[in-house]
Amino acid sequence: MSLSLCARLTSKYTASLQPNNLSYLPGSAGFAFSHRNQAIIISAGGINEKVLRSPASLTDGIAVEPMTVPYEETDMIAQVKWERLSFGIVLVLVTNAGLVQIYNHAGQRLLHFFRIECDPNQVPDAARGIASNGIDLIFVGSYTGEVITLQVSAEHITRGKALSGSTAHRAPITDIAAERSADTQTLVTADATGQILVWDLSSLVLIANLGTFHSRCNSIAVYGTTVVAAFLSGHVRIFNCREETHLEITAHSRAINAMCISPVTKRWFCVSEDTFLSMYTLPDSSNMLSSLHSIVVSPGLLTGLAVDGPCGTVAVTCYDSGEIFLVKVNE
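So this is what it looks like as structure tokens:
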């Protein structure tokens, strides 16, 4: 089994140096990534490209009336991600000054916005990490360690219960992942100290503290009872929440910026500032995993990753590059 570069999509804009800087929407708009204060949406075929600026304005052709979106000069997009809710798919943008914007899936209409209160001159990353429960809640991480819940419908947005408390995060949230299936209802959060917490997605009650690993956890994913966490140190730690066991590997020589799991093949992938894309299997019943292949995608720092893209490919973004690299998994 191997990886090989099969195609490139070219954009007029380059990807920012932000972890998890790529999102993929199957069968629709295509890919989205951040470039400074802009979210770039590019079709899967690379033909059409759309630019969303933060904050949205009437000059962008976005329907924002009667809303007035608050603005800070320091608003740079920290993450852009599609999420599925009961009324449809939405595109969520969060900025380092704490502005959350929710668009329809194509980015044609601003549905809601929400501001996390902070002093943008004192807080480098007020908001980071996006996930949803697949029904009506969007979760956004904050610089205080709180995970803010936003109850969202097509017409309204309301701030709900924050995930916080004496045993919760005390450092800025860095990533959030959620798994909602017949077998599990799990929300996983990570922070800048490397602490990883597991919450019940339905009750929002803390059910496990997987530990603090003293290195920023840049990216996290969950599949069933398995949590995979990628760190600034280049380490990846894999947890079985039910059995309270974990494995640790040195996956890369530099910071890992993005990681995700393919639910179809049960493989996981990660990209790093060392220019490599790596592919592994999830642990089996004996807690063994396999390194399947690694490939140098680009000479630059890799920042974003999306799995199960067009034709089963893996898509990768690179800092200061206007290309999305499509990598084929050769069985």
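Residue numbering for the sequence shown follows the working numbering, starting at 3 and increasing by one per position. Built from N, CA and C at the ideal position, the CB exists for glycine as well. Computed from a prediction, not measured in an experiment: that's the story for all the values here.
Beta strand (DSSP E) segment containing residue i, residue limits
i, result
"histidine 158", "That residue, histidine 158, is in no beta strand (DSSP E); it is neither H nor E in DSSP."
"glutamine 187", "187-193"
"glutamate 148", "Where glutamate 148 is concerned, there is no enclosing beta strand (DSSP E), given that its DSSP letter is neither H nor E."
"aspartate 127", "Unbroken run through aspartate 127: none, as it is neither H nor E."
"asparagine 211", "208-213"
"threonine 12", "4-12"
"arginine 111", "Careful: arginine 111 lies outside any beta strand (DSSP E) and carries neither H nor E."
"threonine 247", "247-252"
"aspartate 202", "198-202"
Residue i, DSSP secondary structure in three states
i, result
"glycine 143", "strand"
"serine 264", "strand"
"asparagine 366", "Within the shown structure, residues of the chain are numbered from 3 to 333, placing residue 366 beyond reach of any answer."
"alanine 179", "strand"
"isoleucine 222", "strand"
"isoleucine 118", "coil"
"isoleucine 137", "coil"
"phenylalanine 89", "coil"
"phenylalanine 327", "strand"
"threonine 169", "coil"
"tyrosine 105", "strand"
"threonine 61", "Because threonine 61 carries a pLDDT of 39, less than 50, the predicted location of this residue cannot be relied on, and no value is offered for it."
"alanine 257", "coil"
"glutamine 81", "strand"
"glutamate 333", "coil"
"alanine 232", "strand"
"lysine 52", "strand"
"tyrosine 321", "strand"
"alanine 164", "coil"
"alanine 184", "coil"
"histidine 237", "strand"
"alanine 46", "coil"
"threonine 16", "coil"
"threonine 227", "coil"
"alanine 99", "coil"
"threonine 70", "Because the pLDDT at threonine 70 is just 49, under 50, the model does not fix this residue reliably, and the point stays unresolved."
Whole-number beta carbon distance between residue j and residue i, since they are thought to touch under 8 Å
i, j, result
"leucine 279", "leucine 304", "7 Å"
"proline 285", "tyrosine 225", "Their Cβ separation, rounded to whole angstroms, is 11 Å, which puts proline 285 and tyrosine 225 out of contact at 8 Å."
"leucine 328", "alanine 108", "Actually they are not in contact, since the Cβ atoms of leucine 328 and alanine 108 sit about 22 Å apart, beyond 8 Å."
"leucine 95", "tyrosine 321", "Contact flag wrong, Cβ pair sits at about 19 Å."
"threonine 247", "lysine 268", "With a Cβ gap of about 18 Å, threonine 247 and lysine 268 do not count as contacting."
"valine 154", "aspartate 177", "That belief does not hold up - the Cβ atoms of valine 154 and aspartate 177 are roughly 20 Å apart, past 8 Å."
"isoleucine 326", "threonine 315", "Not confirmed; about 10 Å, so no contact."
"valine 331", "leucine 5", "6 Å"
"histidine 295", "methionine 3", "6 Å"
"alanine 41", "isoleucine 79", "6 Å"
"arginine 161", "phenylalanine 115", "Contact flag wrong, Cβ pair sits at about 12 Å."
C-beta atoms of residue i and residue j nearer than 8 Å
i, j, result
"isoleucine 150", "alanine 173", "no"
"glutamine 81", "isoleucine 132", "yes"
"alanine 413", "cysteine 219", "The first residue shown for the chain is 3 and the last is 333, placing residue 413 beyond what the model contains."
"glutamine 187", "leucine 203", "yes"
"cysteine 337", "valine 230", "Absent from the model: residue 337. The displayed extent of the chain is 3 to 333, so no value can be given."
"alanine 34", "tryptophan 84", "yes"
"valine 190", "isoleucine 222", "yes"
"isoleucine 175", "glycine 213", "no"
"alanine 317", "tyrosine 26", "yes"
"leucine 234", "isoleucine 240", "no"
"glycine 306", "alanine 260", "yes"
"valine 92", "alanine 129", "no"
"valine 299", "leucine 11", "no"
"isoleucine 2", "alanine 232", "Limits of the chain in this structure are 3 at one end and 333 at the other, which puts residue 2 out of reach."
"alanine 170", "leucine 112", "no"
"glycine 136", "cysteine 120", "no"
"alanine 184", "valine 200", "no"
"serine 45", "arginine 86", "no"
Chain C within 8 Å of residue i, Cβ atoms only
i, result
"proline 174", "Among the chains of the structure shown, chain C does not appear; only one protein chain is present."
Sequence ranges, beta strand (DSSP E) only - wholly within the segment 273-319, length at least 3: 278-283, 293-298 and 304-308
3 or more residues per run - each beta strand (DSSP E) lying fully within the segment 19-44: 25-27, 32-37 and 40-44
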